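For reference, each letter of the sequence shown is one residue, going 3 to 362 in the numbering used here. Following: one structure in structure tokens, then a few remarks.
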Amino acid sequence: MGVFASTDDPGSAGHEQVVFCQDKQSGLKAIIGIYSTALGPALGGTRFYPYASEEAALADVLDLSRGMAYKNALAGLDLGGGKAVIWGDPERVKSEALLRAYGRFVQSLAGRYYTACDVGTYVADMDVIARETRYVTGRSVEHGGAGDSSVLTAWGVFQGMRAAAEHVWGVPTLRGRRVGVAGLGKVGKHLTGHLVDDGAEVVATDVDPRALEWVRATHPRVELVTDASALVAADIDVYAPCALGGALNDDTVPALRARVVAGAANNQLAHPGIEKLLADRGILYAPDYVVNAGGVIQVADEIEGFNFDRAKLRATRIYDTTRQILRLADDEGVPPAVAADRLAERRMADVGRLRTIHLR
Ligand SMILES: NC(=O)c1ccc[n+]([C@@H]2O[C@H](COP(=O)([O-])OP(=O)(O)OC[C@H]3O[C@@H](n4cnc5c(N)ncnc54)[C@H](O)[C@@H]3O)[C@@H](O)[C@H]2O)c1
């Protein structure tokens, strides 16, 4: 295990600690990135992915762990930000021994880092990792876990959308609004249910015919369009990207007719500057990492012994946080994405500083 812990090493991009893990026999090669523990232990998932190089794996873990620090800070959690990557093709190299070897490295950090699911890792994998470490969330319900995190992710997105609706139209409801949902996967399905219950008209799309069949059977009044570009160009009030990242780009933003964007997908802004393009077009963007934090709120609750009602209450507060960010953006004359970053940095600094008041 190689470790470097420095805030001024340019390779670590301001991270507290980056840990390289290797176990030759099982084939494990992993990097754990801890961006910040200012608010508590760093929480973030493990991405299992066949990166082209170690540099690519390192760049991803540095980026993702920083993002988690901001997300956890604004979710109101007493948790810092971290993330891990396992470098390899999960289809070929994932095994019990590899996952347990990884679990031992997580355990060796003695609680500075809690892991969870991400691309390429699943609830069943977390149960295996948990045989070697206490510092794991996202386990199965049978093992004391929080279960499917898309339930509260969708609930949180709905709360963020309500706050954005209030900011633009003066009322915290989607009743009578046309909402376009791109991606009817785990989150998109739950979100569609909340919107229909709230009295919204939903227009949706998905590339998977099974998802379309589901919506026809469950919500027959939902209108379906051929693809995401048709949805972007449709006469909608709110656009909810719930599929892949990069949904807001140089092609989609000029074509978008919605006044509000609020959706579950991670990394919706294709590149820096898109947030300005949205603001210039008068489109209110509820930052993705703020409104989609219900999932991390759900799994983080496992650390205290999972309680769905408590986690749901916390996810409901995404409404208040989104409101606060939109007001701050107006007050400071910046796009909401910038206001969100400022608020997260403020909490990390203000609450993180309290650790200098020594208890013993
Ligand atoms: N599940 C969570 O708890 C959670 C938490 C935070 C963020 N997110 C993010 O939310 C998004 C959705 O997550 P999910 O768990 O529902 O994933 P999912 O894989 O269950 O669903 C994604 C859906 O998008 C569809 N899709 C893919 N490409 C598309 C396209 N070009 N046009 C239309 N539809 C397309 C897929 O067919 C699938 O139905 C992802 O970006 C994910 O990273 C999820």
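Heads up, the beta-carbon is just placed ideally off N, CA and C, and yes, glycines get one too. Just so we're clear, the structure is a prediction, and the values are computed from it rather than from any experiment.
- With a beta-carbon spacing of about 18 Å, Val189 and Thr139 fall beyond the 8 Å limit used to define contacts.
- Three or more beta-carbon pairs separated by less than 8 Å link the segment 40–56 to the segment 107–123, which places the two stretches in contact.
- Pairwise C-beta distances place the segment 171–190 out of contact with the segment 330–346, as fewer than three of them are shorter than 8 Å.
- Approximately 4 Å separates the beta-carbon atoms of Leu101 and Val130; this is inside 8 Å, confirming the contact.
- Taking each of Gly147, Val21, Ala40 and Gly265 in turn and checking the Cα distance to Arg355, the smallest one comes out for Ala40.
- Counting the other Cβ atoms within 10 Å of the Cβ of His273 gives fewer than 16, which makes it exposed.
- Val198 has its CB no nearer than 8 Å to any heavy atom of ligand 1.
- Judged by their CB atoms, Ala58 and Tyr104 are not nearer to each other than the 9 Å cut-off.
- Gln300 places its beta carbon less than 9 Å from that of Val153.
- In this structure Gly35 does not touch Gly69 by the C-beta definition: roughly 10 Å separates them, more than the 8 Å allowed.
- These are the residues, in chain order, with a beta carbon less than 7 Å from any non-hydrogen atom of ligand 1: Ser151, Ser152, Thr155, Ala184, Gly185, Leu186, Gly187, Lys188, Val189, Gly190, Thr207, Asp208, Val209, Asp210, Ala213, Asp229, Ala230, Cys244, Ala245, Leu246, Gly247, Ala266, Ala267, Asn268, Asn294 and Gly297.
- Sequence-distant partners of Gln24 (beyond 5 residues in either direction) whose C-beta falls short of 6 Å from its own C-beta, in its chain, are Lys31.
- Counting along the chain, Pro211 sits inside no beta strand (DSSP E); it lies in the alpha helix (DSSP H) bounded by residues Pro211 to Thr220.
- Here Phe160 carries a helix assignment [DSSP, helix/strand/coil].
- Distance check between Arg94 and each of His169, Ala236 and Ser28 places Ser28 closest, using alpha-carbon atoms only.
- Collapsing the DSSP output to three states places Ile34 in a strand.
- By the 16-neighbour rule on beta-carbons within 10 angstroms, Pro338 is buried.
- Secondary-structure assignment with DSSP links Val263 through a beta bridge to Tyr241 and Tyr287.
- Taking C-beta separations shorter than 8 Å and ignoring five residues to either side along the sequence, the partners of Gly284 in its chain run Arg261, following chain order.
- Its chain contains Leu45, Leu79, Leu81 and Thr139 as the residues whose beta carbon lies nearer than 7 Å to that of Ala302, once the 5 sequence neighbours on both sides are disregarded; these appear in chain order.
- For Leu246, same chain residues with a beta-carbon under 8 Å away, outside a window of 5 residues either side, are Gly185 and Ala267 in chain order.
- With a cut-off of 8 Å on Cβ pairs, the segment 200–211 is in contact with the segment 220–239, counting three or more such pairs.
- Residue range Ile276 to Asp282 is occupied by the alpha helix (DSSP H) that includes Lys278.
- With fewer than 16 neighbouring CB atoms inside 10 Å of its own CB, Glu144 falls in the exposed class.
- Contact annotation: Tyr241 and Val209 have beta-carbon atoms that are not nearer than 9 Å.
- Rounded to the nearest whole angstrom, the C-alpha separation of His17 and Leu66 is 11 Å.
- Shown here, Gln27 sits in coil according to DSSP, grouped into three states, outside any helix or strand.
- In the DSSP secondary-structure assignment, Arg49 is bridged to Val87.
- Val255 is a Cβ neighbour of Leu280, given a cutoff of 9 Å.
- Under the three-state reduction of DSSP output, Thr117 falls in the strand class.
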